[in-house]
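Converting from the sequence shown to the working numbering requires adding 18 to each position, the first position being numbered 1. Down below is the structure, laid out as structure tokens.
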Amino acid sequence: MSKADRTRTAREKLAAERAAQAARDRRTRLLMIVLGVVFAAVVVAIVVVLVANRGDNGAKVTATPYSGPSAPVTRNADGSVTMAKAGVTKPVLEVFEDFQCPGCKALEASLGGTMRQLAAEGKVSLVYRPFHLFQQEPLSGNSERGANAALCVPADKWLSYHDTLYKAQPEEGKTGFSEDDLVKWGHQLGVTDANFEPCVRKMQKKAQVAEMTKYALETRKVQGTPTLFLDGKQLNATTKDDLTKAVQQAGGR
């Protein structure tokens, strides 16, 4: 074999080796892409399951709605609403919430009944503090209209209206809580106050919503919703047992 032939053969062998290596590299990249897609799909599936079963604060939505007696409801001057038996002032359980917040809806489904039961049994003074957290449209408008309407509804219908707002909570990214719906729901619940409809349609409680929002974010340093406080200290209860135990330790009867 001549020198030229040997050189040509070496080049052909090298080219073949490079082609084989390139093919192996392509197979490896393809495998990594496939594995990446599969991994991403698994992660998405896990997240979907977790979101479906937990609120933003990690509370599982598995509790049976409370259907027992309720403590008296009082609207406070600052717009908050208190549920407590006569003479019960301690411990104080505060709920900072936004009616557009999916995690708040989940918390209400999982622990709302327990909180109301504790209030009805005289073990806690339960204070709801709705405010306008979301600032990006359409969430912002939904949040503000919902909070305004909740301030417009009479105290004796507030709890039912509160629950209705969560039941009808708009999907994230979609406009909801229209003036017509907010008025209609109030009438369906038996609200007869002539001031209710203009209060909703003209956003007459907008300034108070802003004050409640400022109180939540600036005074109480609330970072998100839902947020619970027990006697002024943030509470991270995610189960009925957690909440009940915390209230007992705080002096709840």
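We put the CB at the ideal spot given by N, CA and C, even for glycine. Values in this document were obtained by computation on a predicted structure and should not be read as measured data.
Proximity to Ala124 across Thr256, Lys108, Ser161 and Phe195 peaks at Thr256, based on C-alpha coordinates. In the three-state scheme derived from DSSP, where H, G and I count as helix and E and B as strand, Met230 is classed as helix. Cβ contact annotation for Arg163 (same chain, cutoff 6 angstroms, sequence separation greater than five): Phe195, in chain order. Look at Leu207 here: in three-state DSSP terms it is coil, with no helix or strand label.
A straight line joining the alpha-carbon of Met230 with that of Tyr146 spans about 11 angstroms. Taking a contact as a CB-CB distance under 8 angstroms, the pair Ser161 and Phe117 counts as one, their CB atoms being some 7 angstroms apart. Here the C-alpha atom of Leu183 lies approximately 32 angstroms from the C-alpha atom of Gly269. In the DSSP assignment, Lys123 falls within the alpha helix (DSSP H) that extends over Pro120 to Ala138. Of the candidates Pro90, Gly97, Arg93 and Ser85, the residue whose Cα lies closest to the Cα of Lys224 is Gly97. When the beta-carbon positions are compared, Leu246 and Glu112 come within less than 8 angstroms of each other.
Nearest neighbour of Lys258 by Cα position, chosen from Ala95, Thr132 and Arg93, turns out to be Thr132. By the CB criterion at 8 angstroms, Arg134 and Ser88 fall inside the cutoff.
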